[in-house]
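What follows is a short report on a single structure.
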Amino acid sequence: MSTDSDAGGEGEMEKINVRVPQSLLAQIDDVWEERGYANKSEFIRDALRDAVNPPTQLSEEALEHLAESREQRERGETVSQDDVKDRLGIDD
179 MSTDSDAGGE
189 GEMEKINVRV
199 PQSLLAQIDD
209 VWEERGYANK
219 SEFIRDALRD
229 AVNPPTQLSE
239 EALEHLAESR
249 EQRERGETVS
259 QDDVKDRLGI
269 DD
């Protein structure tokens with residue numbers, strides 16, 4: 179490992195070499211900029227942080243509610259916020 183000088187406020191940076199399949203690298207190349215990252219390294223650092231400290235997981239109940247909501251939307255059983263405001267005569 180070698181030391182990288184652009185610490186970015188996180189302390190001294192270390193450079194690592196990682197081998198990934200070409201298909202994964204192609205996916206990374208397709209999405210890092212779309213997601214608003216300044217560069218591929220920043221995107222990969224964020225992914226590594228998530229691997230070490232995974233984001234909060236939703237409960238099974240919450241996931242079931244989300245699935246039910248998706249199904250309701252697909253069946254046309256939902257109403258947009260703007261439609262509700264129009265029906266109730268509410269302005270922002």
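For the sequence shown, the numbering used here puts the final residue at 270, and the numbers step up evenly by one. In this text, a Cβ means the ideal position worked out from N, Cα and C, and glycines have one as well. Predicted model only: the values in this text are computed from it and were never measured.
{"query": "Beta-carbon proximity check, Ile206 vs Lys218, cutoff 8 Å", "result": "yes"}
{"query": "Within the stretch 186-269, ranges of the alpha helix (DSSP H) (whole runs, at least 4 residues)", "result": "200-209, 218-230, 238-252 and 259-266"}
{"query": "Gln250 versus Thr256: straight-line alpha-carbon distance, rounded", "result": "6 Å"}
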